[in-house]
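Presented below is the structure to which this report refers.
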Amino acid sequence: MIFAATPPETPGNTTRLESSTREIVNKLGDEDVQRILGRTKADIVNDMQHPEDVHRVSRSLLGHEDLIRTVQPEFDGEQTRRELFDVGSIEQRLSILLGIKEQEVQSQMDTLQGIKNLQEHLKGQESEIKELDPSFNSAELEEGLKLAIEVIEAKDVLAKDMKSPEKAGVMRRALDKLTSFPKKHPIVTTLLVAALAAGGMAGGLYLAGNWELFLTNVGLGKILGSAEGAGEMIPPTLYTPPHPGGGMLDMPPPSSSPTPQPGLGTIT
Amino acid sequence: MNTLYLFADEKQLFDKLPNELKEGWQVEEETLSFEDSDVHRKMRMRFFRIHDPKLETFCDQAKKADSVEELANLVQETDLSAVNDADLMELFFVLGPEPLTLVIQNLLNEISADSDLEDLAALTVIRNSLLTSLQKQSV
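Protein chains in written order, with this note's numbering: chain Y, 1 to 268; chain W, 1001 to 1139.
Structure representation (structure tokens):
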């Protein structure tokens, strides 16, 4: 398969963090676990079934670094903080920061009210997070949530515009017209299906490193100016907050050199 | 549908068409704008929703593609006839107005019949709707 199941922003980090956290809990004595985590070691071990459970434990362990180093001398608090608070998709980061399941975050992200709840929740947790990680900055996440609200609102405007008395008939005819496009204007259909290919992978899948090559192969490189331009117009990956220091437009590395497929027709 | 929503530079191309082609068509200058960005496109994709079984099947097949070439073939074999309006607009929304503008500009250079203008009008109406929804969203 040419798709990878994990976003590129988190290669190996979560796994390292999880295995490290499990090791620490396993090596700590029963009394220490009870004191730090407020529950028996057996309960904690038993409960660490899902990544978010492990992340909650990782977070609770921060601040007890001297004790942790007695059982895991190589423990790096800074690395743990980075992996906990700075890496991953917006949903992954909010899940860790707010201590709620990623699925629940995804569900909340689907509605305006849910996103507003997440914004409030994040504000409420910020001071506590900063105690654990003084360098934590919520601005990027807040910006991501704000953008999510803007996009939902834009979709709402579009849906209303399509149904408005002034536009409904015209839109209907315009979209009807599209049904005759595949033969006459293959590029329009190809653009839409390429968008579908990109959007259809929004469940966490992405076209690893081959997106520009793919767009060139379907003949979009010509109309979009270049393979690079095509990649910019239809990005294959989900929104994720940027890497630390990467800036808002930080992108995964480009693919290998695309090879145009000859004879894919005229732009129509 | 006899109105074309064209940007000023596009209108200049339209104005150069023979009078017999332009007859019966009205041009409204497209004044809405949207500066798209990678961040915005990705977020639009985050909220991408389709319901048509045909499109869902396509997505399932796309995920199983073993090579770029296989996916490219799949895309080129897929047509969107009979896909419902809401799903089509989802696709246009993910795409955004910029690629449509490129298609519109290319079409304007190749107009030779009234049916070409009908196709063009359809695309400009859709672009106008996209711009209406996105105009305050520039990032």
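All C-beta atoms, glycine included, are put in the ideal place defined by N, C-alpha and C.
For residue 87 of chain Y, not one C-beta of chain W is nearer than 7 Å to its own C-beta.
Assigned with DSSP and collapsed to three states, residue 92 of chain Y falls in helix.
With fewer than 16 other beta carbons inside 10 angstroms of its own, residue 35 of chain Y counts as exposed. Under the three-pair Cβ rule at 8 Å, the segment 1114-1132 of chain W counts as touching the segment 154-170 of chain Y. Not one beta carbon of chain Y lies nearer than 7 Å to the beta carbon of residue 1004 of chain W. 1118, 1119, 1121, 1122, 1123, 1125 and 1126: these are the residues of the segment 1112-1127 of chain W whose beta carbon lies less than 8 Å from some beta carbon of chain Y, given in chain order.
Of the residues W:1134, W:1135 and W:1116, the one whose Cα lies closest to the Cα of residue 177 of chain Y is W:1116.
According to the DSSP assignment, residue 1026 of chain W belongs to no alpha helix (DSSP H) but to the beta strand (DSSP E) extending over 1026-1029. For the alpha helix (DSSP H) assignment, the uninterrupted runs of no fewer than 4 residues enclosed by the segment 35-80 of chain Y are, from N- to C-terminal side, 41-47, 51-61 and 65-71. Contact with chain W is found for residue 173 of chain Y, since one of that chain's Cβ atoms lies less than 7 Å from the residue's Cβ. Not one beta carbon of chain W lies nearer than 7 Å to the beta carbon of residue 137 of chain Y. Uninterrupted alpha helix (DSSP H) stretches at least 4 residues long and entirely within the segment 105-132 of chain Y occur at 112-132, given in chain order. For the C-beta of residue 1101 of chain W, not a single chain Y residue is nearer than 9 Å; the gap to the nearest is close to 11 Å.
For the segment 148-163 of chain Y, the set of positions with a beta-carbon nearer than 7 Å to some beta-carbon of chain W reads 148, 150, 151, 152, 154, 155, 157, 158, 161 and 162 in chain order.
DSSP, read as helix, strand or coil, puts residue 1006 of chain W in strand. Across the structure, residue 131 of chain Y and residue 60 of chain Y are spaced so that their CA atoms are roughly 12 Å apart.
According to the DSSP assignment, residue 152 of chain Y belongs to the alpha helix (DSSP H) that extends over 139-163. Straight-line measurement puts the Cα of residue 162 of chain Y at about 8 Å from the Cα of residue 172 of chain Y. Identification of residues in the segment 1068-1086 of chain W having a C-beta nearer than 7 Å to some C-beta of chain Y yields 1068, 1069, 1071, 1072, 1075, 1076, 1078, 1079, 1080, 1081 and 1085, given in sequence order. Within the same chain, Cβ atoms closer than 8 Å to the Cβ of residue 1071 of chain W are found at 1062 and 1065, the five residues on either side in sequence being excluded. Per DSSP, the unbroken alpha helix (DSSP H) holding residue 1040 of chain W starts and ends at 1038-1046. Residue burial is scored here from C-beta neighbours: residue 112 of chain Y has fewer than 16 other C-beta atoms within 10 angstroms and is therefore classed as exposed.
Per DSSP, the continuous alpha helix (DSSP H) segment holding residue 1115 of chain W begins and ends at 1114-1134. When 7 Å is used as the limit between beta carbons, residue 117 of chain Y is near no residue of chain W, the shortest such separation being about 17 Å.
Residue 1016 of chain W carries a coil assignment under DSSP once its states are collapsed to helix, strand and coil.
Around the beta carbon of residue 21 of chain Y, a 10 Å sphere encloses 16 or more other beta carbons of the protein chains shown; the residue is thus reported as buried. For residue 129 of chain Y against residue 158 of chain Y, the beta-carbon gap comes to about 36 Å, at or over 8 Å, which does not count as contact. Within 9 Å of the CB of residue 1007 of chain W, no CB atom of chain Y is found; the nearest one sits about 17 Å away.
Taking 7 Å as the upper bound on Cβ-Cβ separation, chain W lies near no residue of the segment 98-110 of chain Y. Taking all protein chains shown into account, residue 1049 of chain W has fewer than 16 neighbouring C-beta atoms within 10 Å of its C-beta and is therefore exposed.
Rounded to the nearest angstrom, the gap between the Cα atoms of residue 88 of chain Y and residue 102 of chain Y is 11 Å.
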